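Be aware that the sequence shown starts at 0, since it is given in numbering that gives the first Met the number 0, and climbs by one per residue. Ideal Cβ positions, reconstructed from N, Cα and C, are used throughout, including at glycine. Just so you know, these numbers come straight off a predicted model, no measurement behind them. Step one of this worksheet: look at the structure below.
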Amino acid sequence: MNNMSNLFVDANEKEISTLGSNYLRNFLSTGSLENGFCTVTDKRVYFRGKCYTKSGNNYKSTKEEKTVDLKDVTGTGFTFIKRFWLMILAILCTIWAVVLTFSLVASLPELNESEGWSSILLVIFVAILPTIVLWGLYWFLKVKVFEISFAGGKIAFKASSYNENEVNNFQRALRQAKDNYKEAPNTVSNSSGADELKKYKDLLDSGVISQADFDIAKKKILG
Numbered sequence: 000m001n002n003m004s005n006l007f008v009d010a011n012e013k014e015i016s017t018l019g020s021n022y023l024r025n026f027l028s029t030g031s032l033e034n035g036f037c038t039v040t041d042k043r044v045y046f047r048g049k050c051y052t053k054s055g056n057n058y059k060s061t062k063e064e065k066t067v068d069l070k071d072v073t074g075t076g077f078t079f080i081k082r083f084w085l086m087i088l089a090i091l092c093t094i095w096a097v098v099l100t101f102s103l104v105a106s107l108p109e110l111n112e113s114e115g116w117s118s119i120l121l122v123i124f125v126a127i128l129p130t131i132v133l134w135g136l137y138w139f140l141k142v143k144v145f146e147i148s149f150a151g152g153k154i155a156f157k158a159s160s161y162n163e164n165e166v167n168n169f170q171r172a173l174r175q176a177k178d179n180y181k182e183a184p185n186t187v188s189n190s191s192g193a194d195e196l197k198k199y200k201d202l203l204d205s206g207v208i209s210q211a212d213f214d215i216a217k218k219k220i221l222g
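What follows is the structure, encoded as structure tokens:
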């Protein structure tokens, strides 16, 4: 594959901007794709390759091939993907460490001075250490992603896999394309309606459908 238009639903679509242009060029020349790319045209947004999809409150790393109409895009922005299972473990360890510490402090009167403090401090340290490690992993292993929201879901790309200027320029281009698309919705609708009507007229002329069928279709198209 070496023709960009082969990726588009409509060969007349115009490419406006691409996030991951290097990955796209490699895909067009070799057919292989590691990191994902996203291309916006004057009509649609195309996602392909490695990305994150959101289901509920969780993101999942996956390889995606998806097309979204430009009119269905609802927003863009940056967010962080955090590993909530680490947070759950950290909370459980914190609770365990607090309970253990209070239990040991409460038992101090029963311990003599020689065996008391050294043993208690050692146990408290052992209890707190995994808690600190888990909270540290939770905060430092978060992944910054560039997210595109659309009707029906969200797709995100790992921000560190792309140049910062490239991401910002793509985000700006996508928003401008969205604004420009909104400016002339009736033109697009009328054009597609005329094409649809012409198709039914050709079917009528060739005898595939009856005049009654054509009239029904015409009424639906013209409203």
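Query	Result
So, under 8 Å CB-CB, Cys50 and Ala155 are touching, yes? Tell me the CB distance rounded to an integer number of Å.	6 Å
My output table needs one value for Tyr51: the three-state DSSP class, helix, strand or coil.	strand
Could you have a look at Pro184 and say whether DSSP puts it in helix, strand or coil?	Low confidence applies here, because Pro184 scores a pLDDT of 49, under 50, leaving its location unreliable; read the following figure in that light. Three-state DSSP puts Pro184 in a helix.
Based on the DSSP secondary-structure assignment, which residues constitute the bridge partners of Glu33?	Answer by DSSP bridge pairing: none, since Glu33 is not bridged.
Over the uninterrupted beta strand (DSSP E) stretch that includes Asp41, give me the two end residues.	Looking at the DSSP string, Asp41 is not in any beta strand (DSSP E), and its letter there is neither H nor E.
Within this structure, are the beta carbons of Leu6 and Thr38 separated by less than 8 Å?	yes
Give the straight-line distance between the Cα atoms of Thr40 and Leu88, rounded to the nearest whole angstrom.	44 Å
Could you say which of Lys53, Lys218, Thr61 and Ala193 lies nearest to Phe79 if we only look at CA atoms?	Lys53
Nearest CA to the CA of Ile73: which residue from Lys218, Gln175 and Ser16?	Reading off the sequence shown, one finds Thr at residue 73, where the question assumed Ile. Per the Cα distances, Gln175.
Which residues in the same chain as Pro129 place their Cβ atom closer than 6 Å to its Cβ, once the five residues preceding and following it in sequence are excluded?	Cys92
Pick helix, strand or coil for Ile208, following the three-state DSSP scheme.	coil
What is the DSSP secondary structure of Leu103, reduced to helix, strand or coil?	helix
Pop quiz: Leu23 and Thr29 are said to be a contact at Cβ under 8 Å. What is the actual Cβ separation, rounded to whole angstroms?	Wrong, their Cβ atoms sit about 11 Å apart, outside the cutoff.
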